[in-house]
Each structure stands twice: as structure tokens, then as C-alpha cells.
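Structure, as C-alpha cells:
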Amino acid sequence: MKSMEEMIKAAQQAAETIQKQMNETQSKLDSLEVEGSAGGGLVKIRASAKGRVIGVSVDDSLLVPADKGILEDLIAAAFNDARAKADEVAGAELAKAQSGMGLPPGFKLPF
Numbered sequence: 007m008k009s010m011e012e013m014i015k016a017a018q019q020a021a022e023t024i025q026k027q028m029n030e031t032q033s034k035l036d037s038l039e040v041e042g043s044a045g046g047g048l049v050k051i052r053a054s055a056k057g058r059v060i061g062v063s064v065d066d067s068l069l070v071p072a073d074k075g076i077l078e079d080l081i082a083a084a085f086n087d088a089r090a091k092a093d094e095v096a097g098a099e100l101a102k103a104q105s106g107m108g109l110p111p112g113f114k115l116p117f
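Here the sequence shown is numbered in my numbering, starting from 7 and rising by one per residue.
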């Protein structure tokens, strides 16, 4: 049987390994890109899986002052589409990282 000191040391090492894997996953999420679109692709937003907006593309046909409200709505819709895709990619990456840690499915780590 292991001594209490050995068990504590093993727990600390496991916690350090988990923290390292989570940091690596978080870094990876910022490098994964998703694209959200609205208006049949007239407005596109590229974002990282962490939700950082990388770029916005607006089709020239929308650059009419009278259509300003429509353009604003499409930009918001494209951002929300990108955010939903980012959440999906992030969830999949975190699930992969957690499965490698031996944690039970559905276990939520704070981050």
C-alpha cells in the first residue's frame, strides 16, 4: 500500500498533467478556424474556436446605404453562426482532451 505522501505526490502529478493538457487544448482552440455565414453567403465571419473574430467579408451588393439595417442584421447572424460552430469545435476538442485524461464522459472541468 502506498504511503499518504506517495498518493499526494501522484495526485499532484496527475493534476499537473491535466493542467498541461488543458492549456495545450486551449491553445489549439485559438488556432482552429470556423466560418459563419448569413444571407446565402453574402456576409461571412471567420472566427477561432475560442470565438475570436478573425475576419469579416461583406459582398459588394450589400453596400447600399438604404440596406444598412439588413447588413447589420446579416453581420449579427453570421457572427452567431460562427460562434455556434466555434462552440461545437471547442466542445469536440475538449472532449478529446478529457478522454485522454481518463475522466468520465460529461465531467466538466472549470476553465
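A virtual CB, placed ideally from N, CA and C, is assigned to each residue, including glycine.
Query, Result
"Distance between L68 and E78 (C-alpha atoms, nearest Å)", "10 Å"
"Range of the contiguous alpha helix (DSSP H) that encloses V95", "74-105"
"Minimum C-alpha distance to R58 - residue among R89, N29, P71", "R89"
"Buried versus exposed, by CB contacts within 10 Å (16 or more), A16", "exposed"
"Check whether V40 and A83 have beta carbons under 7 Å apart", "no"
"Runs of alpha helix (DSSP H) wholly within the region 8-60 (minimum 4 residues, chain order)", "10-37"
"Whole-angstrom distance between I24 and E30, CA atom to CA atom", "10 Å"
"Close Cβ partners of V95 (< 8 Å) along its chain, the five nearest in sequence each way excluded", "L35, L38, V40, A55"
"Pairwise C-alpha distance: V62 and A53", "9 Å"
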